[in-house]
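*Asks:*
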Amino acid sequence: MSLWQGVAKSIQAATSAAFPIQRTTPVSGGCINAAWCIESGTTRYFVKTNSAAKLSMFEAEAAGLAALAASHTLRVPHPVTSGVAGNEAFLVLEWVDLDGHGSAAQLGQQLAALHRTTAPRFGFTADNTIGATPQRNPWTDNWIDFWRHQRLGFQLELAARNGFVGSLQNQGERLMGKLDGLFDGYQPQPSLLHGDLWSGNYGYTQAGEPVIFDPAVYYGDREADLAMTELFGGFPADFYSAYREAWPLDAGYAVRKNLYNLYHILNHANLFGSSYARQAEGMMVKLLAELG
-3 MSLWQGVAKS IQAATSAAFP IQRTTPVSGG CINAAWCIES GTTRYFVKTN SAAKLSMFEA
57 EAAGLAALAA SHTLRVPHPV TSGVAGNEAF LVLEWVDLDG HGSAAQLGQQ LAALHRTTAP
117 RFGFTADNTI GATPQRNPWT DNWIDFWRHQ RLGFQLELAA RNGFVGSLQN QGERLMGKLD
177 GLFDGYQPQP SLLHGDLWSG NYGYTQAGEP VIFDPAVYYG DREADLAMTE LFGGFPADFY
237 SAYREAWPLD AGYAVRKNLY NLYHILNHAN LFGSSYARQA EGMMVKLLAE LG
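Using the working numbering, you'd call the opening residue of the sequence shown number -3 and step up by one each time.
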């Protein structure tokens, strides 16, 4: 069975409606998966494809999108189906036209509402990925332990395997041993997070409705989502003022945001190389200086 035959069959099983694919068009924008717009009559879907071994990655993404949708706060593309055809895995999502303009303030308000969706513990129902890197999400009672072992510790293990040793590892070990000092008087609750919320992972519909996509979902400190919005260009000022009005941030966020973004910079070091490793080491030095 060809890829598109398998996709069409899977869509029919999921929707109870035949979907004879009439057109497939490559879509640009991603660097991990191939992406497509598929059409039948007036109906379109967005499809991601990768090797068959990546099926679990797509299943985890679908689970994350379903959790975000269930919060009834921010719009996300609805996951339709996933599977394997031949030697390729696929994920079929609702097609959303993202060529509109909207209110950054509305996005900030809705993100604050999303973060009020909570769980008893930190983690998620499944492991997933951050970019192309595995992201471990075991349910954990203590946030500092979760961040120490499942975020920083895991990235440092990967960095060591990739040859980033010496000072980076030494600074990382020192920082992990002192993490508690960054949380004096602050106890985050397990908020539902997008997990990979940079400026490339949101947009607006033609009607101006905010949409978020390509998540790496888990329950964690809401500051981790906010911190990442400040990486790689940041979000509009109205977004931050609206978020803070809806749910003010603790004063310690100004320091902790560097801790949370350290995770993503370490991940970029593991994916893209030594310039990010140097940046990560510099961030560790500054965090350790804050701790004294």
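Each residue gets a CB set at the ideal place from its N, CA and C atoms; glycine is no exception.
Note that the structure is a prediction, hence the values are computed from the model and not measured.
(1) Scan the region 73 to 97 and note each continuous beta strand (DSSP E) run of 3 residues or more that stays entirely inside, going in chain order.
(2) To the nearest angstrom, report how far apart Ala85 and Tyr200 are at their CA atoms.
(3) Does the beta-carbon of Asp137 have 16 or more other beta-carbons within 10 angstroms, so that it is buried, or is it exposed?
(4) Is the distance from the Cβ of Phe235 to the Cβ of Leu103 below 7 Å?
(5) First and last residue of the beta strand (DSSP E) that includes Thr39?
(6) Following the continuous alpha helix (DSSP H) through Ser163, name the residue where it begins and the one where it ends.
(7) Have a look at Gly168, Asp210, Asp246 and His190 and flag the residue whose alpha-carbon is nearest the alpha-carbon of Phe179.
(8) What does DSSP give as the partner residue(s) for Glu35 in the beta ladder?
(9) Look at the alpha carbon of Ser78 and the alpha carbon of Asn29, and state the distance between them as a whole number of angstroms.
(10) Opposite Tyr214 in the DSSP bridges: which residues?
(11) Where Leu222 and Pro116 are concerned, what is the direct C-alpha to C-alpha distance, given to the nearest angstrom?
(12) Find out if the Cβ-Cβ distance for the pair Tyr214, Asn133 is shorter than 7 Å.
(13) Sorted by chain position, which residues of the same chain lie with C-beta nearer than 6 Å to Gly98's C-beta, five sequence neighbours on each side aside?
(14) Under the three-state reduction of DSSP, which class applies to Tyr182: helix, strand or coil?
(15) Would you mind listing the beta strand (DSSP E) stretches within the region 200 to 284 that are 3+ residues and don't spill past its ends, in chain order?
(16) Roughly how many angstroms lie between the CA atoms of Trp91 and His68, to the nearest whole one?
(17) For Ala4, which residues from the same chain have a beta carbon less than 6 Å from its beta carbon, with the 5 sequence-adjacent residues on both sides left out?
(18) Could you have a look at Asn158 and say whether DSSP puts it in helix, strand or coil?
(19) Can you tell me whether DSSP reads Phe54 as helix, strand or coil?
(20) Grouping DSSP H, G and I as helix and E and B as strand, with all else coil, what is Phe120?
(21) Which residue from Pro211, Lys253 and Leu267 puts its Cα closest to that of Ala156?
(22) Measuring straight from C-alpha to C-alpha, what distance separates Lys50 and Gly288?
(23) Identify the residues that DSSP records as bridge partners of Gln131: which are they?
(24) For Ile261 and Gln275, I'd like the C-alpha separation in whole angstroms.
(25) Measure how close the beta-carbons of Leu64 and Leu70 come, nearest whole angstrom, since I'm counting them as under 8 Å.
(26) Taking Ala100 as the reference, which of Gly230, Ala48, Leu283 and Met279 has the closest Cα?
(27) Under three-state DSSP, which class holds Arg112?
*Replies:* Concretely, from the data shown:
(1) Counting only runs of 3+ residues, the beta strand (DSSP E) found wholly inside the region 73 to 97 occupies 75 to 81 and 84 to 90, in chain order.
(2) C-alpha separation (whole angstroms): 28 Å.
(3) Under this definition Asp137 is an exposed residue.
(4) In this structure, Phe235 places its C-beta atom within 7 Å of the C-beta atom of Leu103.
(5) DSSP places Thr39 in the uninterrupted beta strand (DSSP E) bounded by Thr39 to Ser47.
(6) Looking at the DSSP string, the run of the alpha helix (DSSP H) that includes Ser163 is Ser163 to Gly173.
(7) Closest in alpha carbon position to Phe179, among Gly168, Asp210, Asp246 and His190, is Asp246.
(8) DSSP output for Glu35 lists Arg19 and Arg40 as bridge partner(s).
(9) Straight-line spacing of the CA atoms in Ser78 and Asn29 works out to 14 Å.
(10) Residue pairing from DSSP places Tyr214 in a beta bridge opposite Leu189.
(11) If you take the alpha carbons of Leu222 and Pro116, they lie about 21 Å apart.
(12) In contact: Tyr214 and Asn133 (Cβ atoms closer than 7 Å).
(13) Contacts found: Tyr200, Gly204 and Pro206.
(14) Shown here, Tyr182 sits in coil according to DSSP, grouped into three states, outside any helix or strand.
(15) The region 200 to 284 contains, as complete beta strand (DSSP E) runs of 3+ residues, the segments 206 to 208 and 214 to 216 (chain order).
(16) About 19 Å.
(17) Excluding sequence neighbours, Ala4 sits near Phe15 and Ile17.
(18) In this structure, Asn158 counts as coil in the three-state DSSP scheme.
(19) If DSSP states are grouped into helix, strand and coil, Phe54 belongs with the helices.
(20) For Phe120, the three-state secondary structure derived from DSSP is coil.
(21) With respect to the C-alpha of Ala156, the residue from Pro211, Lys253 and Leu267 having the closest C-alpha is Leu267.
(22) Distance between the alpha carbons of Lys50 and Gly288 is about 43 Å.
(23) BP columns for Gln131 point to Asn124.
(24) When rounded, the distance between both Cα atoms is 7 Å.
(25) Between Leu64 and Leu70 a beta carbon distance of about 7 Å is seen, short of the 8 Å cut, so the two are scored as contacting.
(26) Put simply, of Gly230, Ala48, Leu283 and Met279 the residue whose alpha carbon is nearest the alpha carbon of Ala100 is Gly230.
(27) Coil, per DSSP.
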